[in-house]
Amino acid sequence: MIRFAAGRLTSLVISLIVASIVIFAVIEVIPGDPAAFMLGVNARPDTIAALRAEMGLDQPVIQRYFAWVAGMLQGDFGTSWTYKTPVSDLIADRIWVSLPLAIYALALSTLIAFPAGIYAASRRGGAGDTAIMGATQLGVAIPNFWFAMILVLIFAINLRWFSAGGFPGWDNPFQAIKSLTLPAIALALPQAAILARVMRSSLLDMLGEDFIRTARAKGLTQRQALWRHAVRNALIPVLTIIGLQFSFLLAGGIIIEQVFFLPGLGRLIFQSISARDLIVVESVVMLLVFVVIVVNFLVDLAYAAVDPRLRTKS
Amino acid sequence: MSRNLIIGAALTTLFIALAAISFLWTPYDIETLDIPGKLQTPNAAHLLGTDHFGRDILSMIMMGARTSIAVALVAVGIGMGLGIPLGLLAAARHGSLLDELIMRGNDLVFAFPSLVIAILITAVFGASAVNAIIAIGIFNIPVFARLTRGAALPLWERDFILAARVCGKSAARISIEHILPNITNLMIVQGTIQFSLGILAEAALSYIGLGAQPPTASWGRMLADAQTLVSIAPHTALVPGFAILLMVLGLNLMGDGLRDWLDPRIRVVRT
Chain A
1 MIRFAAGRLT
11 SLVISLIVAS
21 IVIFAVIEVI
31 PGDPAAFMLG
41 VNARPDTIAA
51 LRAEMGLDQP
61 VIQRYFAWVA
71 GMLQGDFGTS
81 WTYKTPVSDL
91 IADRIWVSLP
101 LAIYALALST
111 LIAFPAGIYA
121 ASRRGGAGDT
131 AIMGATQLGV
141 AIPNFWFAMI
151 LVLIFAINLR
161 WFSAGGFPGW
171 DNPFQAIKSL
181 TLPAIALALP
191 QAAILARVMR
201 SSLLDMLGED
211 FIRTARAKGL
221 TQRQALWRHA
231 VRNALIPVLT
241 IIGLQFSFLL
251 AGGIIIEQVF
261 FLPGLGRLIF
271 QSISARDLIV
281 VESVVMLLVF
291 VVIVVNFLVD
301 LAYAAVDPRL
311 RTKS
Chain B
315 MSRNLIIGAA
325 LTTLFIALAA
335 ISFLWTPYDI
345 ETLDIPGKLQ
355 TPNAAHLLGT
365 DHFGRDILSM
375 IMMGARTSIA
385 VALVAVGIGM
395 GLGIPLGLLA
405 AARHGSLLDE
415 LIMRGNDLVF
425 AFPSLVIAIL
435 ITAVFGASAV
445 NAIIAIGIFN
455 IPVFARLTRG
465 AALPLWERDF
475 ILAARVCGKS
485 AARISIEHIL
495 PNITNLMIVQ
505 GTIQFSLGIL
515 AEAALSYIGL
525 GAQPPTASWG
535 RMLADAQTLV
545 SIAPHTALVP
555 GFAILLMVLG
565 LNLMGDGLRD
575 WLDPRIRVVR
585 T
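Protein chains in written order, with the working numbering: chain A, 1 to 314; chain B, 315 to 585.
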């Protein structure tokens, strides 16, 4: 297990290094001068020169890369050009929207997918199974930002149960959670569809195993065997998918935040893109990539801890 | 043929036909604005209604189908064109440093949140259909490379490959003449799935303004335009959304159907 963890940790570090190089390089290869790019076409040469000095662009590339990485390791993500505040403060403000949204969506997705998947597997080939599998086909095919618009149309505009967008802040937790509800549903639906399918097929695999036959032979009904023995074993692949979905939900929130005007990391990225505030774009993208890679690493590790067979594979 | 395959192929054909016809004819010119005739609900003159500029929505859906299909198809092409050769190479040199490098490179690309990187690429290089294609295409490469390698490895153990090696064929020739034909079905099925994911990704990128730019019609941007109008003219949001949904659903059903149809062994297991 320790060898496996060490191996995964090495590849985690390599992934992070390569990711930082790629992100840095993408910003670096912008045609022309980043300072000129940020200031737009009408900038005076002395303004550009001043920004170049402020951004450290007069230093060699390698030195700037290491300065950027070293800064991030100490929690210093640079200073936003448009907001004139440290990027870390901007991120700290907005993570309290993006992170709860992702967690909320993950919870919803799991709550929908588990019963749906288990029910479909237990009624394999029956009407309930067919209906659930049909619904998951739709769930996978619906663009979630469109589903979000439909939710707004029905629940905000027609029924007036929820507001159509915006975020009131955490001072009133009930209102905050309420305003995250429609976004979380929109984000969760496609993930729930995928998860329900994985849950169903994983359960069906388990139901074909010898230990289920043994359980049936000792007198359990099919349903008892399913709940007592199959579900627990079927959870292993399902948990992996849940872990991977978390990072997907965090990144996927970027678009949903746009639909609901939520002041999260996604909107920060878009505002920074249109304001050409590259320091913010670079750092927020790196942060998201970091979270995704680390979550994937933890999932791998947890998976191997639960199922020793996997340690030898990688 | 299964019901899935027939429904899926029918839906897919419908949208491909709409896109193809749009090269010759659309009911209206989508670059002509008709402000007095804006936001009409579906009627005899405009079967799917008009948008906030009075443009015919059916014509825009037809032109948008063209954009979606072109972007997704080229992105799948990039994935197959680079991924399959890399996968074949990794399988032919199984266990070598090259194999290791290719597979670790794949893992690395998989680890990236694709949407975030696509946004980064289009943000930096400018929003355009071409950059959207590249951003989507890059993430198709490891999918095909991994699948190709996985399918090719067991083939290398088979007797007919051994026979080809005894005949003195090089690894490259064996890969192309014997391995590739045996994994084509698998690639077609995966290609269909990636195609549908490409349609969704293109719609998402255009929706946030990082895909095809005006005057090129695109389903995602039609939805972005419709967002503020959804309360007064719901059809402007419903029509493009259903277009995306039906196209993606069609491709997914076709992928599932093709898999069962092309691989009789799976069919036996399932029934």
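The C-beta atom is built at its ideal place from N, Cα and C for all residues, glycine as well.
Please read all numbers here as calculations on a predicted model, not as lab measurements.
### Task
Could you tell me how far apart the beta carbons of MET377 of chain B and ALA531 of chain B are, in whole angstroms, since I believe they sit closer than 8 Å?
Taking the second sequence and counting its residues from 1, the one referred to as residue 377 of chain B is at position 63. Taking the second sequence and counting its residues from 1, the one referred to as residue 531 of chain B is at position 217. About 4 Å separates the two Cβ atoms, so the contact holds.
* Asked: Is it the case that the Cβ atoms of HIS366 of chain B and LEU537 of chain B are separated by a distance below 8 Å?
  -> Locating residue 366 of chain B in the second sequence gives position 52, where the first residue counts as 1. Locating residue 537 of chain B in the second sequence gives position 223, where the first residue counts as 1. No; because the gap between Cβ atoms is not below 8 Å, this pair is not in contact.
_Counting only C-beta atoms, is TYR342 of chain B closer than 8 Å to chain A at any point?_
As a position in the second sequence, residue 342 of chain B is number 28, starting the count at 1. Answer no: the Cβ-Cβ gap between TYR342 of chain B and chain A never drops below 8 Å.
Note to self: Looking at LEU203 of chain A: is its Cβ nearer than 8 Å to the Cβ of GLY117 of chain A?
What the structure shows: As a position in the first sequence, residue 203 of chain A is number 203, starting the count at 1. As a position in the first sequence, residue 117 of chain A is number 117, starting the count at 1. Cβ distance < 8 Å, so LEU203 of chain A and GLY117 of chain A count as in contact.
Just checking: is the beta-carbon of ALA384 of chain B within a distance shorter than 8 Å of some beta-carbon in chain A?
By 1-based counting over the second sequence, the position of residue 384 of chain B is 70. Not one chain A Cβ lies under 8 Å of ALA384 of chain B.
Notebook entry, point to check: Buried or exposed: where does LEU325 of chain B fall if 16 or more other Cβ atoms within 10 Å of its Cβ makes it buried?
Noted result: By one-based count along the second sequence, residue 325 of chain B stands at place 11. Burial is judged here by how many other beta carbons sit within 10 angstroms of a residue's own beta carbon; LEU325 of chain B has at least 16 and is buried.
- Query: Which residue spans inside the segment 254-298 of chain A form an unbroken alpha helix (DSSP H) run of at least 4?
  - Reply: 265-274
Compare the C-beta of PHE270 of chain A with all C-beta atoms of chain B and state if any pair is closer than 8 Å. Walking along the first sequence from the start, residue 270 of chain A turns up at place 270. Yes, its Cβ sits closer than 8 Å to a Cβ of chain B.
Next item on the list: Starting from the beta carbon of GLY252 of chain A, find every residue of chain C whose beta carbon is closer than 7 Å, and list them in chain order.
Entry: No chain C is part of this structure, whose protein chains are labelled A and B.
Using DSSP's beta-bridge definition, name the partner residues of THR271 of chain B. With chain B represented from 315 up to 585, any question about residue 271 of chain B goes unanswered, as that position is not in the structure.
Looking at TYR342 of chain B: is its Cβ nearer than 8 Å to the Cβ of ILE255 of chain A?
Working through the second sequence from its first residue, we reach residue 342 of chain B at position 28. Working through the first sequence from its first residue, we reach residue 255 of chain A at position 255. No. Outside cutoff.
- Distance CB(GLY253 of chain A)-CB(SER98 of chain A) smaller than 8 Å: The sequence position of residue 253 of chain A within the first sequence is 253, counting from 1. The sequence position of residue 98 of chain A within the first sequence is 98, counting from 1. For GLY253 of chain A and SER98 of chain A, yes; Cβs fall inside 8 Å.
*asked:* Within the continuous alpha helix (DSSP H) that includes ARG216 of chain A, where are the two ends?
replied: Position 216 of the first sequence, counted from the start, is the residue given in the question as residue 216 of chain A. Segment 210-217, the alpha helix (DSSP H) holding ARG216 of chain A.
Residues near ILE273 of chain A by beta carbon distance below 7 Å, same chain, minus five either side
One-based indexing of the first sequence puts residue 273 of chain A at position 273. VAL281, listed in sequence order.
* Asked: Are any of the Cβ atoms in chain A nearer than 8 Å to that of GLY512 of chain B?
  -> Along the second sequence, one-based indexing puts residue 512 of chain B at 198. No, GLY512 of chain B does not count as interfacial toward chain A.
Should MET1 of chain A go down as buried or exposed, given a rule of 16 or more other Cβ atoms within 10 Å for buried?
-> Position 1 of the first sequence, counted from the first residue, corresponds to residue 1 of chain A. With a threshold of 16 other beta carbon atoms within 10 Å, MET1 of chain A falls short and is exposed.
Can you tell me whether TRP68 of chain A is buried or exposed? The criterion is at least 16 other CB atoms within 10 Å of its CB, across all chains shown. The residue labelled residue 68 of chain A in the question sits at position 68 within the first sequence. TRP68 of chain A is buried by the Cβ-count criterion.
| message | With the cut-off set at 8 Å, would you say PHE474 of chain B and LEU565 of chain B are in Cβ contact? | response | What you label residue 474 of chain B is simply residue 160 of the second sequence in a count that begins at 1. What you label residue 565 of chain B is simply residue 251 of the second sequence in a count that begins at 1. In this structure, LEU565 of chain B does not lie closer than 8 Å to PHE474 of chain B by Cβ.
On a CA-only basis, which of B:HIS408, B:GLY368, B:CYS481 is nearest PRO356 of chain B? Give me that one, please. For the purposes of this step, residue 356 of chain B is taken as the residue at position 42 of the second sequence. Across the set B:HIS408, B:GLY368, B:CYS481, the C-alpha of B:GLY368 shows the shortest separation from the C-alpha of PRO356 of chain B.
Contact the segment 152-170 of chain A vs the segment 71-91 of chain A: 3+ CB pairs below 8 Å: Taking 8 Å as the limit for Cβ pairs, the verdict is that the segment 71-91 of chain A does not touch the segment 152-170 of chain A.
Entirely enclosed alpha helix (DSSP H) segments - the segment 136-186 of chain A, minimum 4 residues = 144-151
(message) Could you give the first and the last residue of the continuous alpha helix (DSSP H) run that contains ILE118 of chain A?
(response) Locating residue 118 of chain A in the first sequence gives position 118, where the first residue counts as 1. Its alpha helix (DSSP H) spans residues 87-122.
- Query: Exposed or buried, which one is PRO350 of chain B when buried takes at least 16 other CB atoms within 10 Å?
  - Reply: As a working mapping, residue 350 of chain B is identified with position 36 in the second sequence. So PRO350 of chain B counts as exposed.
- prompt: Using DSSP with H/G/I as helix, E/B as strand and the rest coil, what is SER316 of chain B?
  reply: Within the second sequence, residue 316 of chain B is the residue found at index 2, counting from 1. Coil, per DSSP.
Item checked: Other residues of its chain near LEU567 of chain B: CB distance less than 6 Å, five sequence neighbours each side excluded -> As a working mapping, residue 567 of chain B is identified with position 253 in the second sequence. Result list for LEU567 of chain B: ASN318, ILE321, GLY322, in chain order.
Check this for me: beta carbons of VAL285 of chain A and VAL457 of chain B, under 8 Å apart or not?
Translated into positions along the first sequence, residue 285 of chain A becomes position 285. Translated into positions along the second sequence, residue 457 of chain B becomes position 143. No; because the gap between Cβ atoms is not below 8 Å, this pair is not in contact.
Practice prompt. Starting from ARG228 of chain A, follow the alpha helix (DSSP H) in both directions and report where the run begins and ends.
Written response: For the purposes of this step, residue 228 of chain A is identified with residue 228 of the first sequence, where counting begins at 1. Where ARG228 of chain A is concerned, there is no enclosing alpha helix (DSSP H), given that its DSSP letter is neither H nor E.
request  = Quickly, what does DSSP pair THR364 of chain B with across the bridge? List them, please.
outcome  = Position 50 of the second sequence, counting from 1, holds the residue named residue 364 of chain B. In the DSSP output, where bridge partners are listed per residue, THR364 of chain B has B:ASP370.
Practice prompt. Identify whether THR82 of chain A lies in helix, strand or coil by the three-state DSSP scheme.
Written response: Position 82 of the first sequence, counting from 1, holds the residue named residue 82 of chain A. Reduced to three states, the DSSP call for THR82 of chain A is coil.
Notebook entry, point to check: Can you list, in chain order, the residues of the segment 532-545 of chain B whose Cβ is nearer than 7 Å to any Cβ on chain A?
Noted result: LEU537, GLN541, VAL544, SER545
By the criterion of Cβ-Cβ separation under 9 Å, what are the contact partners of SER525 of chain B in chain A?
Indexing the second sequence from 1 puts residue 525 of chain B at position 211. First, the amino acid is wrong: residue 525 of chain B is Gly here, not Ser. Correct list: empty, because the minimum Cβ distance to chain A is about 12 Å.
Next on the checklist: Quick check on the DSSP output: the alpha helix (DSSP H) that includes GLU54 of chain A runs from which residue to which?
Outcome noted: The count along the first sequence starts at 1 and reaches residue 54 of chain A at position 54. 45-55 is the extent of the alpha helix (DSSP H) around GLU54 of chain A.
For this session: Give me the Cβ distance between LEU422 of chain B and SER201 of chain A, rounded to the nearest whole Å; I'm assuming they're in contact under 8 Å.
Result: As a first step, residue 422 of chain B must be located in the second sequence, where it is residue number 108. As a first step, residue 201 of chain A must be located in the first sequence, where it is residue number 201. The pair is not a contact, with the Cβ atoms about 28 Å apart (cut-off 8 Å).
Spatial neighbours of LEU500 of chain B in its chain, beta-carbon cut-off 6 Å, leaving aside the 5 residues before and after = Sequence index remark: in the second sequence, residue 500 of chain B carries index 186 (1-based). Cβ within range, chain order: ALA465.
request  = Measure from the alpha carbon of ALA225 of chain A to the alpha carbon of each residue in A:SER80, A:ILE212, A:THR240, then state which is nearest.
outcome  = Residue numbering aside, residue 225 of chain A sits at position 225 when the first sequence is read from its first letter. Checking every option, the nearest Cα to that of ALA225 of chain A belongs to A:ILE212.
**Request:** Identify whether THR585 of chain B lies in helix, strand or coil by the three-state DSSP scheme.
**Result:** The count along the second sequence starts at 1 and reaches residue 585 of chain B at position 271. Because THR585 of chain B sits at a pLDDT of 32, beneath the cut-off of 50, its placement in the model cannot be relied upon, and the following sentence gives the value as read from the coordinates. THR585 of chain B: coil per DSSP, three-state reduction.
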